[in-house]
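Read through the structure below, which is laid out as structure tokens, and then see the notes.
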Amino acid sequence: MNPTELYRCWVEVSFNALRGNLAWIRGRVGRRAKILAVVKADAYGHGLPQIAGALMQGGVDIFGVATLGEALGVRAVGAGWPILLLGSSLPAEIEATVRHNIMPTISSLDEARRFQREAARQKKSLPVHVKVDTGMGRLGFWHEEAVAPIRRIAAMPNLRLEGIYTHFPSAEDDVAFSLEQVERFRRVLHQLAAPHPSATMRHQPPMRIPLRHAENSAGLLSVREGRPRLGRLFNVVRPGLAYWSCQPTLPSVAGLQPTLSFKSRVILVKRITAGCSISYGRTFVADRPMRVAIVGAGYGDGYSRALSNRAQVLIRGRRCRVLGRVTMDQTIVDVSEPVFRDLLVGEEVVLLGAQGREAITATEVAAWEETIPWEVLTSITKRVPRVYIGATSA
Ligand SMILES: *Cc1c(COP(=O)(O)O)cnc(C)c1O
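In the working numbering, the protein residues as written are 8 to 401.
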């Protein structure tokens, strides 16, 4: 028996697609660049251990995560990979971060001092990345004030300044602003490479930070396009979404394939009469006799309530509209067309993904929800089993 027959809804992850997307990213950035694979939020809902394992086999160089818990999740899959914490660290997290040799992102001198103190106590040299705020307005030292604190961090005896990076807030739709950010970042690097301004520190060699990065998926797909010089400035790329191949607003990129499908099953088929209302709030009222299918997924599974009366699903390779409000565990769809006359309980329903010649992308679901594909993927809840298809290595 196919094990998914027991599931009312489930996620399928294609390792073949993931492998292809990783090869595409590698081809795009070349052999010499390092790939920092962002696997935060349970690898964007795909399942952290499985995706981290596949990416380790696929040859990524560094992992990026949001939390210490996620970092330890990557560690548990395979020893030895460098892991960068993309968020700031709470004081209470510092001891374990140093103990497990997780690289923190440093955005303040206070943070740097806390890590220095703990690394000294544990008699370690801790690799760290500093972040420069060139326009995201979130983490990092503001670029105009970044040089002095970064020099002080570089002089801390138990910290090893391994990387420096920044982040694009609008890479997908404002390349001009992203390029301005690149210039701000370049100026910081340039000043750091100049001799130390203080006479007593002149003996310090000019600072060269080994790893420099900025590009998230949109940056990699748009900002880098046609600008080979960028590949000399940034020797690490930091994509997340590109692995799953859902472009935010960019046209779909040939060579990247969706990795995730969100599927469900028909749990009941029934006829309703004209005037019958459907679901909570009675927001849909049938104006004629209809046949409807009750589908075994709802907002408790991460099929958002914002999809009520707007989304479509695929059954037998055809689009069917969602009727009325999505409920916690079920969603009602229109199957009045003649092809569904013999529709059976248990038939597969695709909420996101391909079926026959039709496909619903995360970008399309996001548009119905008035959100972004990142949120669609990361909203699929723990209740939904993840099923992995294909081999992790060629
Ligand atoms: C999430 C994240 C990324 C990856 O972004 P995508 O848009 O998914 O490619 C890169 N860098 C940082 C700092 C992030 O937080």
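Ideal placement from N, C-alpha and C gives every residue a C-beta, glycine not left out.
Check                                                                                                                                                                              : Outcome
Name the residue from Val320, Leu314, Arg289 and Tyr287 whose alpha carbon lies nearest to the alpha carbon of Ala405.                                                             : Given a span of 8 to 401 for the chain in the structure shown, any question on residue 405 remains unanswerable.
Just to be sure I understand the criterion: a residue counts if its Cβ is closer than 5 angstroms to at least one heavy atom of ligand 1. Which residues meet that?                : Val45, Leu93, His174, Asn223, Ser224, Arg245, Pro246, Gly247 and Leu248
Using the beta-carbon count (16 or more within 10 Å), is Gln362 buried or exposed?                                                                                                 : buried
Three Cβ pairs or more, each shorter than 8 angstroms: is that satisfied between the region 378 to 396 and the region 296 to 310?                                                  : yes
Residues in the same chain with beta-carbon distance under 6 angstroms from Val84, minus the five sequence neighbours each way, listed in chain order, please.                     : Pro56, Ala59 and Gly60
Going by other Cβ atoms of all chains shown within 10 Å of its Cβ, with 16 needed for buried, is Lys130 buried or exposed?                                                         : exposed
Only counting the same chain, and skipping five residues up and downstream in sequence, which positions put a Cβ closer than 8 angstroms to that of Arg289?                        : Gly331
Using C-beta distances below 7 angstroms, list every residue in its chain close to Pro111, excluding the 5 sequence neighbours before and after it, in chain order.                : Leu92, Ser96, Thr104, Phe122 and Val135
Three Cβ pairs or more, each shorter than 8 angstroms: is that satisfied between the region 205 to 218 and the region 138 to 156?                                                  : no
Can you tell me whether Ala50 is buried or exposed, with buried defined as 16 or more other CB within 10 angstroms of its CB?                                                      : buried
Let me know if Ile90 comes out buried or exposed under the rule of 16 or more other beta-carbons within 10 Å of its beta-carbon.                                                   : buried
Just to confirm, are His220 and Tyr172 a CB contact at a threshold of 8 angstroms?                                                                                                 : yes
From what residue to what residue does the alpha helix (DSSP H) around Lys47 run?                                                                                                  : Lys47 to Tyr51
Flag this pair as touching only if the region 35 to 42 and the region 239 to 248 have three or more C-beta atom pairs under 8 angstroms; answer yes or no.                         : yes
Just the C-alpha distance for Thr74 and Ile109, rounded to the nearest angstrom, thanks.                                                                                           : 10 angstroms
For Arg231, does the count of other Cβ atoms within 10 angstroms reach 16, so buried, or fall short, so exposed?                                                                   : buried
When DSSP labels each residue in this structure, what does Met208 get in the three-state scheme?                                                                                   : helix
Going by other Cβ atoms of all chains shown within 10 Å of its Cβ, with 16 needed for buried, is Ala373 buried or exposed?                                                         : buried
Count the C-beta pairs between the region 362 to 371 and the region 19 to 36 that are closer than 8 angstroms, then say yes if the count reaches three, no if not.                 : no
Going by the DSSP bridge assignment, what does Pro111 pair with across the sheet?                                                                                                  : Answer by DSSP bridge pairing: none, since Pro111 is not bridged.
Assuming Arg15 contacts Gly303 (C-beta within less than 8 angstroms), just tell me the rounded distance between them.                                                              : 3 angstroms
Near Val340, what residues of its chain come up, given a Cβ to Cβ distance below 7 angstroms and the 5 sequence neighbours on each side ignored?                                   : Val299, Ala300, Val302, Val320, Cys327, Arg328, Val329 and Leu330
Within the same chain, show all residues whose beta-carbon is closer than 7 angstroms to that of Thr399, passing over the 5 residues directly before and after it, in chain order. : Phe22, Gly60, Ala61 and Gln64
Taking all protein chains shown into account, do 16 or more other C-beta atoms lie within 10 angstroms of the C-beta of Met214, making it buried, or fewer, making it exposed?     : buried
Going by DSSP in three states, Met63 sits in which element: helix, strand or coil?                                                                                                 : helix
Inspect the beta-carbon positions of Val273 and Val139 and report whether they are closer than 8 angstroms.                                                                        : no
Give the secondary structure of Val81 by DSSP, where H, G and I count as helix, E and B as strand, and everything else as coil.                                                    : helix
Under three-state DSSP, which class holds Thr256?                                                                                                                                  : Note that Thr256 has pLDDT 47, beneath the 50 cutoff, so the model's placement of it is unreliable and no number is given.
Who does Lys277 pair with in a DSSP beta bridge?                                                                                                                                   : Val299
So which of Arg390, Ala200, Gly94 and Gly305 has the shortest CA-CA distance to Tyr287?                                                                                            : Gly305
From Leu228, Pro10, Ala126 and Pro217, pick the residue whose C-alpha is nearest to that of Arg239; which is it?                                                                   : Pro217
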